[in-house]
Amino acid sequence: MKIIARIPAWMLLCLSILSPTTETIYTSGLPSLTKYFGIDGGITQIKSTLYFLGFALGILSLGRLSDIYGRKPIALLGLFIYVISSIISIFAVNIEMLMIARVVQAFGVSVGSVIGQAMARDSYQGSELSYVYASLSP
Numbered sequence: 007m008k009i010i011a012r013i014p015a016w017m018l019l020c021l022s023i024l025s026p027t028t029e030t031i032y033t034s035g036l037p038s039l040t041k042y043f044g045i046d047g048g049i050t051q052i053k054s055t056l057y058f059l060g061f062a063l064g065i066l067s068l069g070r071l072s073d074i075y076g077r078k079p080i081a082l083l084g085l086f087i088y089v090i091s092s093i094i095s096i097f098a099v100n101i102e103m104l105m106i107a108r109v110v111q112a113f114g115v116s117v118g119s120v121i122g123q124a125m126a127r128d129s130y131q132g133s134e135l136s137y138v139y140a141s142l143s144p
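Residues are numbered in our numbering as their position in the sequence shown, beginning at 1, plus a constant of 6.
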């Protein structure tokens, strides 16, 4: 049986808070985005829906890939996707580019949620695992 190194809970917490933090920052900037791109509120609702769709697809695919290829390479891949799509979001010249970047960003950031929970399960047991899961919950 392969021995798994214990991952510090603070590291798991950092992975897990990426998505809620990203969504909170984005949501607080919605009025500015609406004004900047000259769009109505309905399109901002579509952007949020697309974000959660990308997040769900990321959880389904990256979780499975982490079971096959290991936690670390998939975590790094997801974080890389997240960083690149965040940079693209910053420099988006139109709403379509921003929407696509946000879907890809959600896909990448989902790695924090799915890998964080998987790493916790790999590293902790019993009451410690319950404590770590409670700490990771928003």
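Every residue, glycine too, gets a C-beta built ideally from N, C-alpha and C. Note that the structure is a prediction, hence the values are computed from the model and not measured.
Asked: C-alpha distance - M17 paired with A140, whole-angstrom precision; Found: 15 Å
Asked: Range covered by the alpha helix (DSSP H) that runs through V99; Found: V99 -> no alpha helix (DSSP H), and no H or E assigned at all.
Asked: With 16 other Cβ atoms within 10 Å as the buried cut-off, status of R70; Found: exposed
Asked: 8 Å CB neighbourhood of G64 in its chain, flanking five on each side removed; Found: G84, A112, F113, G114, V115, S116, V117, V120
Asked: The alpha helix (DSSP H) enclosing G76, as first and last residue numbers; Found: No alpha helix (DSSP H) contains G76, which DSSP labels as neither H nor E.
Asked: Continuous beta strand (DSSP E) assignments of at least 3 residues falling wholly in the stretch 117-143; Found: none
Asked: Residue burial classification, K8 (beta-carbon count within 10 angstroms, cutoff 16); Found: With a pLDDT of only 45 at K8, under 50, the local geometry of the prediction cannot be trusted, and the value read off the model is given with reservation. Exposed.
Asked: Straight-line gap, M103 to I96 (C-alpha atoms, nearest Å); Found: 10 Å
Asked: Spatially closest choice to L68 from A124, I49, E29, by CA coordinates; Found: A124
Asked: Endpoints, the alpha helix (DSSP H) within which P37 is located; Found: 36-43
Asked: Nearest-angstrom Cα separation, counted from S133 out to Y57; Found: 34 Å
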